[in-house]
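Before any comments, here is the structure.
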Amino acid sequence: MTPATLAVLDPEFAETVARRPHITGDLQACLARRLDAVMRQVTIAHVRHAETRVMLALWLQADRWGHTSSAGVVCPVPLTHGLLGRLTCLQRPTVSTAVSRLIADERLRRRPDGSWLLLGGRPQTATSPTSPEVLSARR
């Protein structure tokens, strides 16, 4: 994890922003991006297969932080099996099993620097909390 700086958005801030509408628009855009990311994480938690959950979580990180290489898509976030478990609502041993299967199926590779190489395309599954796969999983 990386240290972060947080800002307190108090009434004084609100008064200042009220005089600068472009700041409000920027904050709303940031909030919308964060809401989208949270909705994707909720979606991942409702997918049935552990391997798909792991790949979706890695693709979510790669969308934000990754880059394309000649071998595939590099997800430079060095996620441990424990952290992947937290992102996917899976137990660490389940994540380890899923990762082993994904590596054996040549859909995923761990790089020496701890980053992940995503091979092939994105999982063809739920991308929204209202998708048919997620709705059927809730029943």
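Number 114 in the UniProt record's numbering belongs to position 114 of the sequence shown; there are no gaps in the numbering.
Where is the CB? At the ideal position from N, CA and C, for every residue including glycine.
Beta-carbon within less than 8 Å of residue i's beta-carbon, same chain only, minus the 5 sequence neighbours each way: which residues are those?
i	result
G114	P78
L118	M55, L58, W59, A62, G66, G72, V73, V74, C75, R107, L108
Can you name the residues that DSSP bridges to residue i?
i	result
V73	T68, L118
T108	According to the sequence displayed, residue 108 carries Leu and not Thr. Per DSSP, L118.
Could you pull out every residue in the same chain whose Cβ sits closer than 6 Å to the Cβ of residue i, ignoring the five residues on either side in sequence?
i	result
R20	none
Is the CB-CB distance between residue i and residue j below 8 Å?
i	j	result
V74	G66	yes
T88	A29	no
Keeping to the same chain, check which residues put their C-beta closer than 7 Å to that of residue i; ignore five residues upstream and five downstream.
i	result
residue 150	Coverage of the chain is limited to positions 1 through 139, which leaves residue 150 absent and any answer about it impossible.
P76	W65, G66, S115
T24	V17
Original post:
Quick check: the segment 107-122 against the segment 41-60, are there 3 or more CB pairs under 8 Å?
Top reply: yes
Subject >> At least 3 beta-carbon pairs within less than 8 Å: the segment 36-56 vs the segment 96-108 >> reply: Result yes; three or more Cβ-Cβ pairs closer than 8 Å.
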